[in-house]
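Residue 153 in full-length UniProt numbering sits at position 153 of the sequence shown, with consecutive numbering throughout. Where a beta carbon is used, it is the ideal one built from N, C-alpha and C, also for glycine. Note that the structure is a prediction, hence the values are computed from the model and not measured. Notes follow the structure.
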Amino acid sequence: MLKIGDFSRLTRVSIRMLRYYDEIGLLPPAAIDGSTGYRYYSADQIETVHGIKSLREMGFGFPEFGEWLKESGNTRRLLELLAKQKHQIAETIEQENEKLLRVGRMLEHLTKEDSTMDYTIALKSVPAYRVLSLRNIIPAYNAEGVLWEELTRFAGANGVKALEPSYAIYHDQGYKEQDVMSR
Numbered sequence: 001m002l003k004i005g006d007f008s009r010l011t012r013v014s015i016r017m018l019r020y021y022d023e024i025g026l027l028p029p030a031a032i033d034g035s036t037g038y039r040y041y042s043a044d045q046i047e048t049v050h051g052i053k054s055l056r057e058m059g060f061g062f063p064e065f066g067e068w069l070k071e072s073g074n075t076r077r078l079l080e081l082l083a084k085q086k087h088q089i090a091e092t093i094e095q096e097n098e099k100l101l102r103v104g105r106m107l108e109h110l111t112k113e114d115s116t117m118d119y120t121i122a123l124k125s126v127p128a129y130r131v132l133s134l135r136n137i138i139p140a141y142n143a144e145g146v147l148w149e150e151l152t153r154f155a156g157a158n159g160v161k162a163l164e165p166s167y168a169i170y171h172d173q174g175y176k177e178q179d180v181m182s183r
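If you want it as structure tokens, here you go:
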């Protein structure tokens, strides 16, 4: 039997953490001296501690591998936990890669010479011309394409050709997350 300090040095897990593992029922000492309260661990528990450390390094929380330990190290359950964790890590990596791409695009955009939008606003008179328009409420700005598709189908079915550039007008007073009035 090993005193908690010796066990701590062998496993490279702090005494505080070993006490915490005991407190949550993850790794109780093999024996506790009734008169002194000293905690003793067996050499067999070293492998368990290494398993706990490995699972922690893989991102597992105490509830997940605590459940596995209570099942006496059931290999099938461990395989399920590992597969689930692998899937979650892959999803996280995918999300983080997407963020990385967006940051890269923003950096690229901001470092270009012509990245500043220097617009001059001018009031001009234009000759009158006919307009084909469709006004509707869409769920969000990115759904504007639905209106363009509907307008294009109507124009095609009625032999209308666009001679001028196409525009979208938003009739809302400010930015809205949903129910956008567009024409």
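To the nearest angstrom, how far is it from the Cα of residue i to the Cα of residue j?
| i | j | result |
| --- | --- | --- |
| residue 94 | residue 83 | 17 Å |
| residue 99 | residue 89 | 15 Å |
| residue 37 | residue 11 | 21 Å |
| residue 106 | residue 118 | 18 Å |
| residue 148 | residue 64 | 50 Å |
| residue 163 | residue 126 | 15 Å |
At which residues does the alpha helix (DSSP H) containing residue i begin and terminate?
| i | result |
| --- | --- |
| residue 142 | No alpha helix (DSSP H) contains residue 142, which DSSP labels as neither H nor E. |
| residue 21 | 15 to 23 |
| residue 103 | 75 to 111 |
| residue 69 | 62 to 70 |
| residue 54 | 45 to 57 |
| residue 217 | Residue 217 is absent from the structure shown; the chain starts at 1 and stops at 183. |
| residue 9 | 4 to 11 |
Count the other CB atoms within 10 Å of the CB of residue i; is the residue buried (16 or more) or exposed (fewer)?
| i | result |
| --- | --- |
| residue 154 | exposed |
| residue 27 | buried |
| residue 35 | exposed |
Specify, as a first and last residue, the run of the beta strand (DSSP E) that residue i falls within.
| i | result |
| --- | --- |
| residue 39 | 39 to 41 |
So what does residue i bridge to, in DSSP terms?
| i | result |
| --- | --- |
| residue 169 | Paired residues: none, contrary to the question. |
At a cut-off of 7 Å, is residue i close to the ligand ADP when judged by its beta-carbon and the heavy atoms of the ligand?
| i | result |
| --- | --- |
| residue 160 | Among the ligands in the structure shown, none appear at all, so the ligand ADP cannot be discussed. |
Hey, residue i and residue j are a contact pair by Cβ (cut 8 Å); roughly how many whole angstroms apart?
| i | j | result |
| --- | --- | --- |
| residue 62 | residue 85 | Actually they do not touch by this definition, with Cβ atoms about 14 Å apart. |
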